[in-house]
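The structure under discussion appears below in the form of structure tokens.
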Amino acid sequence: MSQSLNYKDALNELSEIAAAIENESISVDELATKVKRAAELIDFCQTKLKNTDAEVKKILAQMEAKSKDVK
Amino acid sequence: MVQIFLANLPKQILKTTKLSDIQHIKLSELTTLIERVVKDAFAEKTYWVIAEISGLNYYPDKNYYFFDLVEKNEATNALLTSIKCNAWGSTVSKIRDFEHTTGQTFTSNIQVLVKVSVEYNLKYGLKLNFIDIDHSYTVGNLEKQKQETLKKLLTENPEHIQLINGEYVTFNKKVPINPVIQHIALISSANAEGYKDFKKVLAENQYKYIFKIDEYLAQVQGESAAQQMVNRLVEIYESRKPYDAVVIVRGGGTPTDFLHFDSYLLSKAVARFPIPIITGIGHTGNQSIVDLMAYNATIAPTKAAECIIAHNRTFEEKILNFQKSIISKTNELIARHQIFLNNVNSKIISKTKDILSENAQYISRINSVIVTGANNFLIQQKERLQPLLNKIIQKTVLMIDSNKFNLNKYIYTIKSSAVHLLDVKQYNLNYYIQLIRHLSPMNVLKRGYSLIYQNGKIVKDPSTIQRGSEITNLLFDTEIISTVKDKKKSNEPKFKL
């Protein structure tokens, strides 16, 4: 997966693939490639989301800890 | 009237002494006389008088007021008349009431409507006794003054002070206030209660906000109070410190120093000040002009402090709300994306499976169609081919048979023809042999023919034979050698066949 891939682009591409697969505008020739790509994208998005979630939780915990200190 | 009294004085008090021939009386006698006259004329009488207070002295120990009531020429301001006046005892409480209601200190240079009685004292002379003071006269005067000051502020500072929809809009009100007020310049007098109250409320705020307060102490009472406060504002401005707000408090003292906050100079300075000013002047009546000019006016020092705390709390609540909304929105967003990804994932998986199985089914269907179709086709073709094949086989057999027959015929013909031909040929050959035998030179020679040789060669051309040439004639088995005697053309065709 390219280094420059970001979540938004990944999600857009994923949506396109999902739509194409859903309305069956994908040929069997490219199906495997597309599904493989979709799996990669989902994995990428999931990982990114999980990391973001973890990071956000950490930040939120810090925020809450700090705001408690202030109170 | 006095002259009438004097005229009626009893004769016996007009004495003569040896010291002077001039008829005279003691001063006490005179003043007693005056006292009596005054008493007779003014006793039990009171007057409401409009006058200006001048040269006031207050003795707190004795709770005494001494002052002059004066009247000046309105045009020239020249003194027209003046009389001593004092207030003491129970009447002082009237002055206190007055000060409390009007906010006007009972002091020099103010115009008042006072109720007085006239008294002559042997020791102190003629004076007026203060009995009461009219509040509404002073209030009206003060209000008039206040309106004049406001008018002056508007006309002389049009860029900084405007009256819009009955509200005074000043430069100070338009100064953007920082979302958090922490660094405060405090104008107050150090010993004022209001100053302590203000600091206490800030220090004990329940949110534990921290404040940095720089004190700019000023007298908030007395003659120069307004000027001092203006000077403090100038100091604050010139300090160039990044104050979030300037707070002016007053409180706990007498209500009389309130009037300084209607001062033109202070009001103007407040209106034009580039740092938001919060007032907590602590008054019961109408707002002072400084209150009207300031960024925010509260009615007491504690209220000013509470207002600052509330301002900061508003900011903190905004931040806390942001935090809350960030937390909930973030969680929501992540959850939404998670669901979306899961949906897409399962959709892609199931759809892919569908597509694959559909295609597999399609292919297997096509496969079976092709297999049966091909088989049928082959069978059909076979069925169509069979009669042709049969025909071909038949024809072929026929053809082979017929050819065989023909061939045999030819073979026979050839065989028989060949024998015949050989016979004929043999016959012909024999004939030729016979012929050739007849034609052999030996036989020819036997039949009488000869061959002529010249120089070993057979002569075929008679021209080569000359007279006298030696020639050899071969006649059967004999050579005849001869010399040519003559030679001539023969005209007799002896051997015509």
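Here the protein sequences come in this chain order: H and P. For the first sequence, the working numbering gives the first residue as 1, with consecutive numbering after it. For the second sequence, the working numbering gives the first residue as 1001, with consecutive numbering after it. All C-beta atoms, glycine included, are put in the ideal place defined by N, C-alpha and C.
Among the residues of its own chain, which have a CB less than 7 Å from the CB of residue i, if the five just before and after it don't count?
{"i": "residue 1078(P)", "result": "1072"}
{"i": "residue 1040(P)", "result": "none"}
{"i": "residue 1002(P)", "result": "The pLDDT assigned to residue 1002(P) is 49, lower than 50, so where the model puts this residue is not dependable, and the model offers no usable value."}
{"i": "residue 1226(P)", "result": "1260, 1263, 1265, 1266"}
{"i": "residue 1478(P)", "result": "none"}
{"i": "residue 1150(P)", "result": "1289"}
{"i": "residue 1146(P)", "result": "1262, 1289"}
{"i": "residue 1483(P)", "result": "1468, 1470"}
{"i": "residue 1090(P)", "result": "none"}
Starting from the Cα of residue i, find the closest Cα among the options and give me that residue.
{"i": "residue 1295(P)", "options": "1469(P), 1076(P), 1269(P)", "result": "1269(P)"}
{"i": "residue 1098(P)", "options": "1117(P), 1134(P), 1380(P)", "result": "1134(P)"}
{"i": "residue 1127(P)", "options": "1140(P), 1084(P), 1089(P), 1145(P)", "result": "1084(P)"}
{"i": "residue 22(H)", "options": "1215(P), 1344(P), 1292(P)", "result": "1344(P)"}
{"i": "residue 1325(P)", "options": "65(H), 42(H), 60(H)", "result": "60(H)"}
{"i": "residue 1303(P)", "options": "1375(P), 1438(P), 1379(P), 1279(P)", "result": "1279(P)"}
{"i": "residue 1274(P)", "options": "1238(P), 1061(P), 1367(P), 1320(P)", "result": "1238(P)"}
{"i": "residue 1453(P)", "options": "1446(P), 1464(P), 1447(P), 1443(P)", "result": "1464(P)"}
{"i": "residue 20(H)", "options": "1152(P), 1035(P), 1092(P), 1352(P)", "result": "1352(P)"}
{"i": "residue 1137(P)", "options": "1110(P), 1152(P), 1156(P), 1157(P)", "result": "1110(P)"}
{"i": "residue 1355(P)", "options": "45(H), 28(H), 54(H), 46(H)", "result": "28(H)"}
For chain B, find out if any of its Cβ atoms is closer than 7 Å to the Cβ of residue i; answer yes or no.
{"i": "residue 14(H)", "result": "Among the chains of the structure shown, chain B does not appear; the protein chains present are H and P."}
Report the CB separation of residue i from residue j in whole angstroms; it is logged as a contact under 8 Å.
{"i": "residue 1038(P)", "j": "residue 1120(P)", "result": "4 Å"}
{"i": "residue 1271(P)", "j": "residue 1161(P)", "result": "5 Å"}
{"i": "residue 1118(P)", "j": "residue 1211(P)", "result": "With 8 Å as the limit, residue 1118(P) and residue 1211(P) do not qualify as a contact, their Cβ atoms being about 58 Å apart."}
{"i": "residue 1301(P)", "j": "residue 1249(P)", "result": "4 Å"}
{"i": "residue 1305(P)", "j": "residue 1198(P)", "result": "5 Å"}
{"i": "residue 1450(P)", "j": "residue 1429(P)", "result": "The Cβ separation is near 30 Å, so there is no contact."}
{"i": "residue 1316(P)", "j": "residue 1207(P)", "result": "7 Å"}
{"i": "residue 1049(P)", "j": "residue 1139(P)", "result": "Not quite, the Cβ-Cβ distance comes to about 18 Å (not below 8 Å), so this is no contact."}
Run down chain P in chain order and give the residues with a C-beta less than 7 Å from the C-beta of residue i.
{"i": "residue 38(H)", "result": "1348"}
{"i": "residue 75(H)", "result": "The structure shown does not extend to residue 75(H), since chain H spans only 1 to 71, so no value can be given for it."}
{"i": "residue 60(H)", "result": "1327"}
{"i": "residue 53(H)", "result": "1334"}
{"i": "residue 18(H)", "result": "1344, 1347, 1348"}
Just the chain H side, please: which residues come within less than 8 Å of residue i by C-beta, in chain order?
{"i": "residue 1355(P)", "result": "21, 24, 26, 28, 31"}
{"i": "residue 1321(P)", "result": "Going along chain H, no residue has its Cβ under 8 Å from residue 1321(P), so there is no contact; the nearest lies around 12 Å."}
I'd like the list of long-range same chain contacts for residue i, defined as Cβ closer than 8 Å, with 5 residues on each side in sequence excluded.
{"i": "residue 1095(P)", "result": "1065, 1087, 1106, 1130, 1133"}
{"i": "residue 71(H)", "result": "At residue 71(H), the pLDDT of 49 sits below 50, so the modelled position is not reliable; the number obtained from the coordinates is stated separately. So no residue of the chain qualifies."}
{"i": "residue 1142(P)", "result": "1102, 1103, 1104, 1259, 1262"}
{"i": "residue 1486(P)", "result": "1467"}
{"i": "residue 1159(P)", "result": "1171"}
{"i": "residue 1443(P)", "result": "1437"}
For residue i, which residues in the same chain have their Cβ closer than 6 Å to its Cβ, ignoring the five residues on either side in sequence?
{"i": "residue 1261(P)", "result": "1281, 1288, 1290"}
{"i": "residue 1209(P)", "result": "1312"}
{"i": "residue 1108(P)", "result": "1053, 1054, 1056"}
{"i": "residue 1480(P)", "result": "1473"}
{"i": "residue 1082(P)", "result": "1068, 1070"}
{"i": "residue 1276(P)", "result": "1175, 1177, 1245, 1295"}
Mind listing the chain P neighbours of residue i? Cutoff is C-beta to C-beta under 9 Å, in chain order.
{"i": "residue 49(H)", "result": "1334, 1337, 1338, 1341"}
Starting from residue i, find everything on chain H with Cβ-Cβ shorter than 7 Å and list it in chain order.
{"i": "residue 1330(P)", "result": "56"}
{"i": "residue 1352(P)", "result": "21, 31, 35"}
Starting from the beta carbon of residue i, find every residue of chain H whose beta carbon is closer than 9 Å, and list them in chain order.
{"i": "residue 1359(P)", "result": "28, 31"}
Legend entry - Cβ contact check for the region 1182–1189 of chain P and the region 1239–1252 of chain P: 3 or more pairs under 8 Å: yes
Inset, instruction - Inspect the CB distances between the region 1230–1240 of chain P and the region 1169–1176 of chain P and report whether three or more fall short of 8 Å. - result: no
Inset, instruction - Examine the Cβ distances between the region 5–13 of chain H and the region 35–47 of chain H and report whether three or more of them are shorter than 8 Å. - result: yes
Inset, instruction - Kindly confirm or deny that the region 1314–1334 of chain P and the region 1186–1206 of chain P touch, where touching means at least three C-beta pairs closer than 8 Å. - result: no
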